[in-house]
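In the UniProt record's numbering, the protein residues as written are 1 to 155.
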């Protein structure tokens, strides 16, 4: 297993592979589109196999993951124009739990920065974090974009 260990803080970090996607422009009518289903997309994998991740989950009391979404006219969390969270990203956890911007507190992620809240023709970013006392929910294995499909939208 390839992991970074911060022993004084009792933190183990497992990194995704790859750690970023190339720029994607998906044109279509889907209201929700999983990253793994896009032709230019990818499956999120980690530098550890499922047995190693499972063992790390068993040894952990809590788990946290941060995700950064770079956007061009694509809502990632809160839609300032519609005053709604309906277009916010949906995360798929290791145990198939769907983690959303709103909903049950245990399956809700928090926002660190929400630059993707308005469509203004400029590249922005949204940073989110999810922390849980159920480590079997992490790491994230897929992300659904719920504001894509127009020719001017990129992420």
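All C-beta atoms in this analysis are idealised placements derived from N, C-alpha and C, irrespective of residue type, glycine included.
State the Cα-Cα distance for the pair residue 104 and residue 87, rounded to the nearest angstrom. The C-alpha of residue 104 lies about 17 angstroms from the C-alpha of residue 87.
Among 134, 100, 48, 36, which has the Cα closest to the Cα of residue 16? Each of 134, 100, 48, 36 was checked against the Cα of residue 16, and the nearest Cα belongs to 48.
Residue 66 by DSSP, collapsed to three states: which one? Strand at residue 66.
Cβ-based burial, residue 122 [other Cβ within 10 Å; buried from 16]: Residue 122 comes out exposed.
Between residue 150 and residue 126, what straight-line distance do the alpha-carbon atoms span, to the nearest angstrom? Near 19 angstroms, if we compare the C-alpha coordinates of residue 126 and residue 150.
Around the C-beta of residue 55, are 16 or more other C-beta atoms found within 10 angstroms, so that it is buried, or is it exposed? Counting Cβ neighbours within 10 Å, residue 55 comes out exposed, since fewer than 16 surround it.
Could you name the residues of the same chain whose beta carbon sits closer than 8 angstroms to that of residue 140, not counting the 5 residues immediately before and after it, in chain order? So the list reads 44, 65, 67, 91, 92, 93, 94, 99, 130, once near-sequence residues are dropped.
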